[in-house]
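The structure appears right after this line, and notes come after that.
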Amino acid sequence: LNTYPKILLTILPLVFLLIATTVGTTYYFSRKALTGLAETWLDTRLSEALKVVEEQNDMLYRYGLEKIQASIRKAQIDAGIALSEIEVGERGFIFAISEDGHIAIHPDTENVGMDVSQTSWFKSLKPLRNRLIHSTPTGDNLAMADFFQPWQWYIVASDPKPEVYGVANRMIPWMAVLGGGGFFVMAVVLMFLARRFTEPLRLLAEKAQRIGDGHLETRIPITSRDEFGTLARMFNRMVRQLQKSRQRLEERVAERTAELFNANTRLMKEIEERKQISKENEKLQNQILQARKMKAVATLAGGIAHDFNNLLMGIQGNVDVMALDMGGNENHKKQIETIYGCVKSGSRLTQQLLGFARLGKYETEVSDPNRLIEDSVGLVDLEKTAVMVTTDVQKDIWQVKIDREQILQVLEGIVDNAVQAMPEGGKIHLESANVQMDDRLAALRGVSTGKYVRVSISDTGTGMEDGMIEQIFDPFFTTKQMQRGTGLGLASAYGIVRNHGGHIDVKSTVNQGTTFDIYLRVHEEEEKVPSSKAYCKGDGVILLVDDDPMILEVGQAMLRKLGYSVFTAKGGKEAISHYRDNHKRISLVILDMIMPGVGGGEAFDSIKTINPHALVLLASGYSYEGEAAEIMNRGCSGFIQKPYSLQLLSEKVNAIMKNDG
Amino acid sequence: MMVMTKAFRKNFRIVGFQFFLLVQFICFAANAFSSNTAHQPPPTILRFGVHVSEIGSFDPHLAAGSQDRIVADMIFNGLLRYEPGNAPNIEPDLAERIPEFELIGGKQVWTIKLRKGVMFHAGPEIPAYELTSADVVFSFRKSAKKQSSAYAGTYDGMRFVAMDRYTVHIIVDKPTSPTLFLPKLTNYAGGFIVSKRALEAGGKKVYQAHPIGTGPFYFERYAPGKKLSLRAHSLYFRGKPLLDGVELHFLPDIKHRDTGLLSGKLDVIIGSGNKKWIEKITKQPDVQIDTHGVGEVMTIYMNTRMKPFDDIRVRRAVALALHRKGFLETLAKQFVAPVYSPVPTDFLPGGLNQGQIESLGLMYSQNIAEARRLLTEAGYPDGFALQLVSSEKRLYRSCYEEMSRQLAKIGIDCHTQVVSHSTMHARIRNDPLPLILYVAWRPNADRFLSRFFHSDAIILSGEKPDTNFSHYSQVDRLIEEARLEIDPKKQIQLWEQAQIRILNDMVALPIMSVKQCYVRSNEVHYGHPLISTMALYPQFTEKTIVVEDRTDSNR
């Protein structure tokens, strides 16, 4: 039990005992006092009664009636009447008993003559004034009695006990109520005081319990100046000390924990990084392997394409000369057109090879990706298929700087693949969107961070399994029938996009379709509008340098057709020599970049050594990047992608010459 | 429902009666108004037939006969009065209230405040005037003088002082209880207030011819042997009487009286105790018989100084031989009631009733054997002879006869001489007799005991010889001290002890009380209940009326 109930259980019975004792004592002494009081006034009433009977008796003697029985009897009756008029309380009365025990006078006439001689109280009567308790049918009476000798009467002044003790008896319920009320009040007060006195103890216990449970911020709010207050202050002081110690400990633990956490974080990060590095290394390794493989293939393809381009250049040049010479002659026009078609197909093949080898980009320009989408859709022959093409282009699409032909080649190839993937018909959807490639995505995709335009081509075709997706950009991998494709389409597309600094993602689900997301790097500079296609003729001497005699021959013919005088050189060394000798006459040098012996770069440097102002148009079947770009940076005046047309040649030559003039 | 019905009937009667009074009043007023202009109706006079032929005295302090008291009651007032028809209850009359006393210097001083505006009747020599304390003092001083009052002894030891016009002090040397004092101020005997001016102007003679008082009726004329006429006192302080007047017709013969009543010539008559007459008159439809107190008490007195009644055993033997029932049967039962103590319990304090007498062993129930034994013991085994005197009045004669018959059973031979009533009175006072049967009324216990049992009242030899026919003197101290006792309870106890002693000594044997009997026309309404009256007639007051309109020649 707690202290509070202990106090109550200890003191409340004592209080109850005290009140009960007080009430009982009060009642006892009240009753005793009432007894004394009743005896006093019963004695007084008895004296009055004796006086009455004495007066009556005296009256008898005074008038000589003492021997007349009727007079005596009348005197006694009158005495009885007078006695009945003496007030003995409300219920008390005075009566007389003859010596032989018969009631002589009684206010209740029915009792007159009653024999009470055998009652114990009558037998106890003495001829002296004495107190007695006598019984009546209604209960015991307290009485005082005396003996009146002349009439041989016991005169008794009697009052029922309930009246004698009426006050005390009436006090009982009041005392009970007061006692009960007092006990209740004292109990309440005691409970209040006990609660008040034990409250600090309870608070101490409660707070100590909280403190014991670890709530060291707990304080005991006792401000009294007694022992509890002192104890509380000491306790609070102790807890503050404990709290400080704990706080220091916790700070140390926190510091240590933080250190461990940081170490762990670092470790985890390191592990993650190592995993990532490992993964990237693995990927890189694969990429290196893939790149090596692709480079080998690309070198092969590039060599083939170079040679093949030279062949096509020869064919193209000669045909152009022949066509120019033929003028309006229509006799061989059809054949010439056929030759043009073959050259074009061969050129496309070389373009694919060069694209795959990332060597096919000859000339970039600022383009509208949405226009590219429209153009690519227009290139697809949809009339014979049940394919429906939809587009969703972003209006404020960023501009990209691309080789338009190559990118169109990529889009056309992918759309064509989609059409072929849906022989039973389906939907092709093209859309454009501006995207920001962050470091993570850029790293993942192997591109530089920055703005890109995403061109997405989705079909509802058969889709591909994951293993197939990994191979679709491999050269000569095809799902088409052998006679329908070369297997260089997607490999070339991939090469072209990568060559443009972009990236291709493929997402495919079997039986649902495939989506190609082509990311093209955004061009953020203004670009001049392409010029018109009219031949630009001029004059002057042009030194044409190429290791391929056919090129020299065709080129010379084309330049002459354009109004220029042409010196030719079969290699770099010859070109330097020739330029040194005739540099004052030579207006422009058209220099092949890849030549055995002294290559285009070295020859360019020599020419520039001879004439720092020399105008040089670099020509190559490879792309502009790489060595071509380096030469251009060293002051080369222009670049032309082989095989070039007469139109392109006239524009390039004219542009350099005009700028210089 | 029954109670409501009774209450309703009672209320209806009261309301009806009040309405009737109102109608009568209106008629009376209308008649009074029209009397000057048209037919004047005869006045409403109540005609009362009395049993005597003349008035003894108009002086109320000398009134002895019942006719004298009747006249005094209508002409005079007291300071107090017995409630009309309800004696002995007392109420203020000329006094404003019941007086109280204070003890000053050992003497009792009673202060009387007089009612203001009380007017005396106009007399032949003086006009009407207002009663003052001077008239009161004059009256009591007159009552206290033997020469002018038959009740002088009543006022011994009392002095009367007029304090102011309306205040009188009565100083009593020996303090007296209200029980004995207040009756002295009532409209009875010496308590009547007379006109000082009238008596001083005309002397005693004026009251012999023309009494003047303050009562509801004033004296008009008197024709001895015929009638006495009284008229309504218009200035009466309780209001003018409803009656115009009262006439007393002197008709000693009961036959004349009842003939007058039944013929409508009388309205009220004094009746007779004769049983046959009662039976006859009871059958009459238009009359009403009234019996009421106070009743005179018939007692047999035994002369304790005359042989053989000087022996208590003889007296007790006589008492044991007599039986009240025989006496009661001589009269109609409406008139009589047994009496067991010298002072009757009806109408007076101080008597002992039957229960008390029985409890005290003083009943003396008839026991012939015991009576004979006592006589034998006393030396009269064969009895003895008695010479007695009776009044000629029927009541006396019949009772003496009854007594003789009863005493004969124990050998006592009564020889009764019948004489006139007045002779009887004279004989019994002047010639001691062994046994006397006497009928009388006294206004209180003291008067009863003093006049019949105090030694002063012993005939011939007493200091104030009166009617102590027993020559008894054993209760003098009790009577005297009771007279002076101012505590009414103790006073009564003393009276009772005196009577116990008297009965124990068998000095006198009370027999019965005889009520008064009056017969009235149904048209007469007294205006008050009729239980008892000290005036010895039903009392005619300002409220008494005769309701029938009588215009015939019978008036």
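Chains as they are written, first to last, in this note's numbering: chain Z, 422 to 1082; chain F, 241 to 795. Where is the CB? At the ideal position from N, CA and C, for every residue including glycine.
For residue i, does the count of other Cβ atoms within 10 angstroms reach 16, so buried, or fall short, so exposed?
{"i": "F/D308", "result": "buried"}
{"i": "F/G619", "result": "exposed"}
{"i": "Z/D968", "result": "buried"}
{"i": "F/E703", "result": "exposed"}
{"i": "Z/E680", "result": "exposed"}
{"i": "F/I698", "result": "buried"}
{"i": "F/N670", "result": "exposed"}
{"i": "F/K755", "result": "buried"}
{"i": "F/G443", "result": "exposed"}
{"i": "Z/R1006", "result": "exposed"}
Answer yes or no: do residue i and residue j have a C-beta to C-beta separation smaller than 8 Å?
{"i": "F/I719", "j": "F/S690", "result": "yes"}
{"i": "F/S753", "j": "F/V576", "result": "yes"}
{"i": "F/F316", "j": "F/G455", "result": "yes"}
{"i": "F/V408", "j": "F/I352", "result": "yes"}
{"i": "Z/N562", "j": "Z/S545", "result": "no"}
{"i": "Z/G1042", "j": "Z/H727", "result": "yes"}
{"i": "Z/G738", "j": "Z/V1074", "result": "no"}
{"i": "F/I411", "j": "F/M403", "result": "no"}
{"i": "F/L320", "j": "F/E336", "result": "no"}
{"i": "Z/I1031", "j": "Z/Y1000", "result": "yes"}
{"i": "F/D413", "j": "F/K347", "result": "yes"}
{"i": "F/Q646", "j": "F/H563", "result": "yes"}
{"i": "Z/V1089", "j": "Z/E852", "result": "Outside the modelled stretch of chain Z, which goes from 422 to 1082, sits residue 1089 of chain Z, for which no answer is possible."}
{"i": "Z/E656", "j": "Z/L625", "result": "Reading off the sequence shown, one finds Phe at residue 656 of chain Z, where the question assumed Glu. Yes, Cβ-Cβ distance for Z/F656 and Z/L625 is below 8 Å."}
Smallest Cα separation from residue i: which of the options?
{"i": "Z/H1004", "options": "Z/K994, Z/A1035 and Z/L980", "result": "Z/A1035"}
{"i": "Z/K822", "options": "Z/V874, Z/D529, Z/T812 and Z/A839", "result": "Z/V874"}
{"i": "Z/A615", "options": "Z/G1018, Z/I428, Z/S797 and Z/R669", "result": "Z/I428"}
{"i": "Z/E833", "options": "Z/T883, Z/R1001, Z/S913 and Z/K755", "result": "Z/S913"}
{"i": "Z/P1017", "options": "Z/I1007, Z/F1025, Z/K991 and Z/P1033", "result": "Z/K991"}
{"i": "F/M774", "options": "F/V311, F/N607 and F/T284", "result": "F/V311"}
{"i": "F/P548", "options": "F/L675, F/A609 and F/M603", "result": "F/L675"}
{"i": "Z/N1054", "options": "Z/G602, Z/G1022 and Z/H636", "result": "Z/G1022"}
{"i": "Z/H636", "options": "Z/L663, Z/V610, Z/D567 and Z/P621", "result": "Z/L663"}
{"i": "F/N427", "options": "F/S379, F/F400 and F/M403", "result": "F/S379"}
{"i": "Z/I526", "options": "Z/L965, Z/R617, Z/P1064 and Z/V474", "result": "Z/V474"}
{"i": "F/H711", "options": "F/E721, F/A722 and F/I742", "result": "F/I742"}
{"i": "F/R682", "options": "F/T585, F/T616 and F/Q731", "result": "F/T585"}
{"i": "Z/N532", "options": "Z/I440, Z/P558, Z/V588 and Z/I893", "result": "Z/P558"}
{"i": "F/I540", "options": "F/S713, F/S761 and F/V679", "result": "F/V679"}
{"i": "F/K356", "options": "F/E340, F/W350, F/V376 and F/F341", "result": "F/V376"}
{"i": "Z/I794", "options": "Z/W574, Z/E1072 and Z/I939", "result": "Z/I939"}
Can you give me the Cβ contacts of residue i inside the same chain, cut-off strictly under 6 Å, excluding the 5 residues immediately before and after it?
{"i": "Z/L745", "result": "K982"}
{"i": "F/Q594", "result": "Y580"}
{"i": "F/L262", "result": "Residue confidence is low: F/L262 scores 46 on pLDDT, short of 50, so the model does not pin down where it sits. No coordinate-derived value is stated."}
Might you give, ordered along the chain, the residues of its own chain that have their beta carbon closer than 7 Å to the beta carbon of residue i, omitting 5 neighbours on each side?
{"i": "F/H661", "result": "S631, E632 and K633"}
{"i": "F/K382", "result": "H301, S388, S389 and V434"}
{"i": "F/G305", "result": "V292 and G296"}
{"i": "Z/G846", "result": "T806, A807 and V808"}
{"i": "Z/W819", "result": "N855, K872, V874 and V943"}
{"i": "Z/G522", "result": "D536, V537, S538 and F543"}
{"i": "F/D706", "result": "R691 and A697"}
Once the 5 residues before and after residue i are set aside, which same chain residues still bring their CB inside 8 Å of it?
{"i": "F/L286", "result": "L483, G485, V486, E487, D507, V508, V764, F780, T784 and V786"}
(message) Would you call the region 515–524 of chain F in contact with the region 679–696 of chain F, where contact means no fewer than 3 C-beta pairs closer than 8 Å?
(response) No, because fewer than three Cβ pairs between the region 515–524 of chain F and the region 679–696 of chain F fall closer than 8 Å, the two stretches do not touch.
(message) Closer than 8 Å is the cut-off here; do at least three beta carbon pairs connect the region 595–605 of chain F with the region 644–651 of chain F?
(response) By the criterion of at least three beta-carbon pairs nearer than 8 Å, the region 595–605 of chain F is not in contact with the region 644–651 of chain F.
(message) Quick test of the definition: if touching needs 3 or more C-beta pairs under 8 Å, does the region 924–940 of chain Z touch the region 857–867 of chain Z?
(response) A contact exists between the region 924–940 of chain Z and the region 857–867 of chain Z.
(message) Contact between the region 602–612 of chain Z and the region 485–503 of chain Z is defined here as three or more beta-carbon pairs at a separation below 8 Å; is this criterion met?
(response) Taking 8 Å as the limit for Cβ pairs, the verdict is that the region 485–503 of chain Z does not touch the region 602–612 of chain Z.
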